[in-house]
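Taking it in order: structure first as structure tokens, then the write-up.
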Amino acid sequence: MMSPTPEPADTGRLLRMATVAGLAGRVDTCTRPILLTGRSVLVERGTGRVVNHPGTSGWPVQVVALRCRSRRSSVCPSCSALYRLDAYHLIAAGLRGGKDTPAEVADRPRLFVTLTAPSFGPVHLGPDRDGQLRCCHPRSRHCPARWGCGRWHPAIGTPLDPGGYDYPGQVLFNAHAGLLWARFATETRRALAAAVRLPRRVAAGRVRVVFAKVAEFQTRGVVHFHAIIRLDGPDGADTDPPPWATTVLLEQAIRIAAARVQAVTPGCRRVSARRLCWGRQLDVRPISGAGTPLEAVAAYVAKYATKAAETTGVEVGPIFCRTCEGSGTRPGPAGTRIGLCSRCAGTGRRPGVRLRPGVRLRHLNGHARALVQTCWWLGGQPSFAGLRLRRWAHTLGFRGHFVTKSRSYSTTMGALRGERREWMVLQQVLRAGVDPASVVVVPDWHYTGPDDQRGST
């Protein structure tokens, strides 16, 4: 499925993951296909002869349905499942090798790290990791019962005291989460060099810190990161790190870096300047050798690649007006703004924005609506103009990619998709009954529009 001649292990793993997702019978059907019109011609190398010429009737124009390639499971479950499979292979290749990644990476020091956000106010709790109900903030003055309610809340993750909840702080943390991660990666390299008493430039020439991470929205609407951090040699995955670069040393550097990282935000009329940092819950776990644990880690990280703010109840695309970039005014000369935007009538919002058919923004639950409104209000303040919060109000201020990795961690999403394209081209050539090495595929396709009537294969 991933290549013209896939390995049996890869095929079995794909089928297992598709079965778990409940998409084994529908994994090849897109719910929101895009129509393309055109043809694909096979031209013989050297002579230029068209191999698949239909004769005197001319070259027929075909209409094909292309995948929408949406990452979000709430938008297209099929394409989302395929994206998750790609994310799984990308993560797994950095753990056990394969997909142009050397197998020696399986013996490198690596850790599974979870970086969380700080508290912005007490929220209703759900069951613990074992599924047992627990008291919701006993002895808290905000709890409905003095000793906690001890039941499964219908709105887990919502504030106990909405009036005292730090909504601006949570939105600003989401907006700066990418910056915090970048500084965390830098501080990890610095702490690693300091631990062995080497200048950072010298240490960078001997060991390289690489990672693959995924962002997950918690139920309360704030992001935290799951990451696999690995130590390589100076040339990346192709070389081994020095003997002193151990898992213990890496864990020590990670804990030091997580405690040091911070970001300072500006203030405005109603929001004071604040200092953002990671939460106290830092989880660092070693990754065992080959076998089931590696598969479990890769699957655990990949499952969050298709999720976004819908875990909080915000199932909506961008809500800002693309004409005025959410400002409500028309752009003028030299970066000025003149008059009201004719498309949004000065509101800054995209006309007719909805969560799903029949559900509008005002139908959000109170916590989700407060987060979106806070993000929209902060986006209109000059102090936070650089964060472009109105553009990212549908992700509650988070502006980063949900799946990112170091360049040398493993393969790329483009390479995985390229394998599928090569396989599809190979099938077309084989159907024509010619040697694949003797022809060149010349595509000529044009965008027609979306197709909501059928799926694509």
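Residues in the sequence shown are numbered from 546 upward in steps of one, following the working numbering. Just so it is clear, CB atoms sit at the ideal spot from N, CA and C, and this is done for glycine as well.
query	result
In chain order, each beta strand (DSSP E) run of at least 3 residues that lies wholly inside the segment 797 to 853	808 to 810, 819 to 821 and 827 to 831
Cβ-based burial, W921 [other Cβ within 10 Å; buried from 16]	buried
Stretch-stretch touch, CB-based, cutoff 8 Å, three pairs: the segment 814 to 831 with the segment 740 to 756	no
Span of the beta strand (DSSP E), counted from its first residue to its last, around I774	V768 to D777
Straight-line gap, P811 to N719 (C-alpha atoms, nearest Å)	15 Å
Exposed unless 16 or more other CB atoms sit within 10 angstroms - verdict on G766	buried
Nonlocal neighbours in the same chain, by C-beta distance under 7 Å from Y628, ignoring five residues either side	R616, A850 and T851
Residues that DSSP places opposite K950 in a beta bridge	A757
For Y710, three-class secondary structure by DSSP	coil
The segment 936 to 946 contacting the segment 733 to 741, beta-carbon criterion three pairs below 8 Å	no
Residue burial classification, L523 (beta-carbon count within 10 angstroms, cutoff 16)	The structure shown does not extend to residue 523, since the chain is modelled only from 546 through 1002, so no value can be given for it.
Three or more C-beta pairs below 8 Å linking the segment 619 to 626 and the segment 579 to 595	no
Run of the beta strand (DSSP E) containing G994, from where it starts to where it stops	V984 to P995
Those residues which DSSP pairs with L587 across a bridge	V986
Exposure of Q972, with buried meaning 16 or more beta-carbon neighbours within 10 Å	exposed
First through last residue of the beta strand (DSSP E) which encompasses V609	Q607 to L611
Inside the segment 714 to 749 only - alpha helix (DSSP H) runs reaching at least 4 residues	745 to 749
Among T791, S872 and R952, nearest to P927 - alpha-carbon criterion	S872
Range covered by the beta strand (DSSP E) that runs through V658	R655 to L660
Where the alpha helix (DSSP H) containing T919 begins and where it ends	G911 to G924
P622, enclosing alpha helix (DSSP H) - first and last residue	P622 to R641
Environment of E761 [buried if 16+ CB atoms lie within 10 Å]	buried
Residues that P704 bridges to, as DSSP identifies them	V668
Under the three-state DSSP convention, the category L581 falls into	strand
Test item: CB-CB of F1004 and Q715 under 8 Å	The requested residue 1004 does not occur in the structure, where the chain is confined to residues 546 to 1002.
Extent of the continuous alpha helix (DSSP H) to which R966 belongs	M958 to A977
contact_flag[the segment 767 to 776, the segment 649 to 661] where n(CB pairs < 8 Å) is 3 or more	yes
V859, DSSP secondary structure in three states	coil
Short Cβ contact (8 Å threshold) for D631 with L961	yes
Cβ shell of D828 (< 6 Å), same chain only, five flanking positions each side left out	T659
C-alpha distance - E649 paired with V846, whole-angstrom precision	21 Å
Exposure of D989, with buried meaning 16 or more beta-carbon neighbours within 10 Å	exposed
Buried versus exposed, by CB contacts within 10 Å (16 or more), R894	buried
Cβ pair R653, P786 closer than 8 Å	yes
C-alpha distance - P704 paired with R867, whole-angstrom precision	33 Å
Pairwise C-alpha distance: K644 and R800	31 Å
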